[in-house]
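A.B. asks:
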């Protein structure tokens, strides 16, 4: 079946076509939801964040100029919404500091039990502060270049690199610990 | 190798931009630099975790709730000033304004109506001729004015000279009168003095004569 491009769906959505917008949401909801899961490690938070991201995208749809991919633009908005979400949840915590230890109840067993690797990854990412987590997320799951990440997060390329290296050093320790405890 | 160079090499590797020489250096670093090797290993481990990661299905949620009411509701008919006609009208007005400025259109309001014309109706030669005529007129006017001033000045000077001559003459006459009066006064005074002197001499003579008669 012929699949409409993002740009075609956006054009129709801007004219008030509900179906076009819903198709666009369905196309990206899984990516955004899983992004939210990895960033918040909580299903409900991920759902809330996803909803906020799509509300924000719909409101700003007129501002999408068509420069760069829609996916990159969507994740740029997702990054900003995520930081806002994080600030709202933890208003007293610095963006560069590490999250509180992950609560065991954040991911229900039924939701996660079958995927041990997913759990390992999500738990490892919770050991990173939000600004490093965002870089890791965009690099490994978004497959963006350093320059694209810098543009999305509104920081310099050098800062992106520096955050990735620091994050990798931390992840190395976390993954080693996790591996040791699994044995 | 410096930490900065290592970071740069690592960044090139991450982006898949290593050239042949850099690849050799990278492999050598992985063998000899434990810290660098661990960073590379962690990156590869994360890549593996990402590849093994199975996306979770999205639970049921209200997708329609994400739609901005302003974008989805039926748009009311546009007001006449927001329609396409107004933009064409503004474009036409802009073009007219540009033409008027570039052609230097001049609008003159007169008692019997409005006169619209182009400022560039004279050629350069005509303008030069007009300027020349104007300059000549001004010169002529200036010359006439100067001649009038000269004439007035001469008349004024003559008037002043006559007044001065009259004054000098009258003042000389008065002075001479006064001098004569002084002279007459002086002569009269001398004559008075002489008379007094002669009278006294006569008195003295009379006295001497009378004394001589007694003695005899």
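Residue numbers (our numbering), protein chains in the order written: chain A, 6 to 188; chain B, 51 to 266.
Heads up, the beta-carbon is just placed ideally off N, CA and C, and yes, glycines get one too.
Going by the DSSP bridge assignment, what does residue 156(B) pair with across the sheet?
C.D. replies: Answer is 167(B).
A.B. asks: Tell me, please, whether the region 91–102 of chain B touches the region 141–159 of chain A by the rule of three or more beta-carbon pairs shorter than 8 Å.
C.D. replies: Touching, yes, given that three or more Cβ pairs across the two stretches are closer than 8 Å.
A.B. asks: Does residue 153(A) pass the burial test, meaning 16 or more other C-beta atoms within 10 Å, or should it be called exposed?
C.D. replies: Answer is buried; the Cβ neighbour count reaches 16.
A.B. asks: Cα-Cα, which of 60(B), 150(B), 88(B) is closest to residue 75(B)?
C.D. replies: Taking only the C-alpha atoms, the option nearest residue 75(B) is 60(B).
A.B. asks: Within 10 angstroms of the Cβ of residue 119(A), are there 16 or more other Cβ atoms? Answer buried if so, exposed if not.
C.D. replies: Low confidence applies to residue 119(A): its pLDDT is 49, below 50, so where it sits in the model is not reliable, and the reading given next is rough at best. Its Cβ having fewer than 16 others within 10 Å, residue 119(A) is exposed.
A.B. asks: Residue 89(A) touches chain B at which residues, Cβ-Cβ below 7 Å?
C.D. replies: Those do not exist, as residue 89(A) stays about 16 Å from chain B at its closest Cβ, beyond 7 Å.
A.B. asks: For residue 44(A), tell me which candidate among 136(A), 63(A), 57(A) has the shortest Cα-Cα distance.
C.D. replies: Of 136(A), 63(A), 57(A), the residue nearest in Cα terms is 136(A).
A.B. asks: Please list, in chain order, all residues of the same chain as residue 161(A) whose beta carbon is under 8 Å from its beta carbon, the five residues on each side excluded.
C.D. replies: Correct list, in chain order: 155.
A.B. asks: Using a Cβ cut-off of 7 Å, pull out every chain B residue sitting near residue 26(A), in sequence order please.
C.D. replies: Result: 117.
A.B. asks: So, with DSSP's three-state summary, where would you put residue 259(B)?
C.D. replies: Helix.
A.B. asks: Inspect the beta-carbon positions of residue 19(A) and residue 79(A) and report whether they are closer than 8 Å.
C.D. replies: Contact flag unset, no.
A.B. asks: Between which two residues does the alpha helix (DSSP H) carrying residue 61(B) extend?
C.D. replies: Looking at the DSSP string, the run of the alpha helix (DSSP H) that includes residue 61(B) is 53–65.
A.B. asks: Of all the residues that make up the region 72–104 of chain B, which are near chain A by a beta-carbon distance shorter than 8 Å?
C.D. replies: Result list: 88, 89, 91, 92, 93, 95, 96, 97, 99, 100, 102, 103, 104.
A.B. asks: Using a C-beta cutoff of 8 Å, does residue 111(B) count as contacting chain A?
C.D. replies: Output row for residue 111(B): interface = yes.
A.B. asks: Below 8 Å, can you find three or more Cβ-Cβ pairs linking the region 102–110 of chain B to the region 32–41 of chain A?
C.D. replies: Result yes; three or more Cβ-Cβ pairs closer than 8 Å.
A.B. asks: Measuring alpha carbon to alpha carbon, tell me which of 23(A), 29(A), 22(A) ends up nearest residue 8(A).
C.D. replies: It is 29(A) whose Cα lies nearest to the Cα of residue 8(A).
A.B. asks: Locate the alpha helix (DSSP H) running through residue 43(A), then write down its first and last residues.
C.D. replies: Run containing residue 43(A): 23–45, per the alpha helix (DSSP H) assignment.
A.B. asks: I want to check one thing, is the minimum distance from the CB of residue 22(A) to the heavy atoms of the ligand NAP below 7 Å?
C.D. replies: The model depicted lacks the ligand NAP and carries no ligand whatsoever.
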